[in-house]
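A.B. asks: Take this structure, written in C-alpha cells, and hold onto it; I'll ask about it next.
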Amino acid sequence: YTAAFSAAAARFRRRSLYVVFTDLGEATIEQTVRPALAILVRRHLVVVASVRDPVIGGWAAGRVHVWASDAFRQAAAVSAIESRDRAAARLRSAGAIVLDAEPGQLAVQLVDTYLELKASGRL
C-alpha cells in the first residue's frame, strides 16, 4: 500500500477520490493500510470499502446454544465483528471514510458516498 499510495500521490496532485477495496481484518489494516493512509489523506479523499460476511453476522446474532460449539462459534463471530469495528474506527481516525457493507449493498453505498461528497463540495 505504501508504494501504491506514494506513486498515486506523486502522479495525481489535484484533489482526488481514492477507493481502496480491502478486508477490514484488524491485523491487515494495522500492518498495511493504516500506516500508508497518511500519504493520501493529506491532499485526497480516501474511501476504504469492504464487504461484511453475513454468515459471521448470523453466528454472532445466534441465541440458542444447544452445543458448546455453538457458544464458541458465537463468541468467535462476535470477536471478529468487534475486530472489524476497531479497524474501521482506526481508519476513520486516520482520515478515511469507511464503508462496511452487506453483500450486494457496496456499490449503492459507494455511489451514495460519492454523491454526498460532490454535493458537500469536498470533492
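Following the numbering used here, the residues of the sequence shown are numbered contiguously, the last one being 129. Idealized CB from N, CA, C, for every residue including glycine. Being a predicted model, the structure only gives us computed values, none of them experimental.
Between which residues of its own chain and Val104 is the CB-CB distance below 7 Å, once the five residues before and five after are set aside?
C.D. replies: Position 98 of the sequence shown, counted from the start, is the residue given in the question as residue 104. For Val104, where only same-chain residues beyond five positions count, the Cβ hits under 7 Å are Val54, Ala94, Leu97 and Arg98.
A.B. asks: Quick check on Phe78: does DSSP put it in helix, strand or coil?
C.D. replies: Locating residue 78 in the sequence shown gives position 72, counting from the first residue. Residue state, collapsed to three classes: helix.
A.B. asks: Along the chain, where does the beta strand (DSSP E) containing Val53 start, and where does it finish?
C.D. replies: Against the sequence shown, residue 53 aligns to sequence position 47. Run containing Val53: Leu51 to Val57, per the beta strand (DSSP E) assignment.
A.B. asks: Within 8 Å of any Cβ in chain B, is that where the Cβ of Ser12 sits?
C.D. replies: The displayed structure is made up of one protein chain only, and chain B is not part of it.
A.B. asks: Compare the beta carbon distance of Leu43 and Gly110 with 8 Å and say whether it is the shorter of the two.
C.D. replies: Position 37 of the sequence shown, counting from 1, holds the residue named residue 43. Position 104 of the sequence shown, counting from 1, holds the residue named residue 110. For Leu43 and Gly110, no; Cβs fall outside 8 Å.
A.B. asks: Would you mind reading off the limits of the alpha helix (DSSP H) that contains Tyr120?
C.D. replies: Residue numbering aside, residue 120 sits at position 114 when the sequence shown is read from its first letter. Run containing Tyr120: Leu112 to Ser126, per the alpha helix (DSSP H) assignment.
A.B. asks: Can Leu23 and Ser56 be called in contact, C-beta distance under 8 Å?
C.D. replies: Against the sequence shown, residue 23 aligns to sequence position 17. Against the sequence shown, residue 56 aligns to sequence position 50. Not a contact, by the Cβ cut-off of 8 Å.
A.B. asks: So, at 8 Å on beta carbons, what are the nonlocal neighbours of Phe18 in its own chain, with the 5 sequence-adjacent residues on each side left out?
C.D. replies: Numbered from its first residue, the sequence shown carries residue 18 at position 12. Correct list, in chain order: His50.
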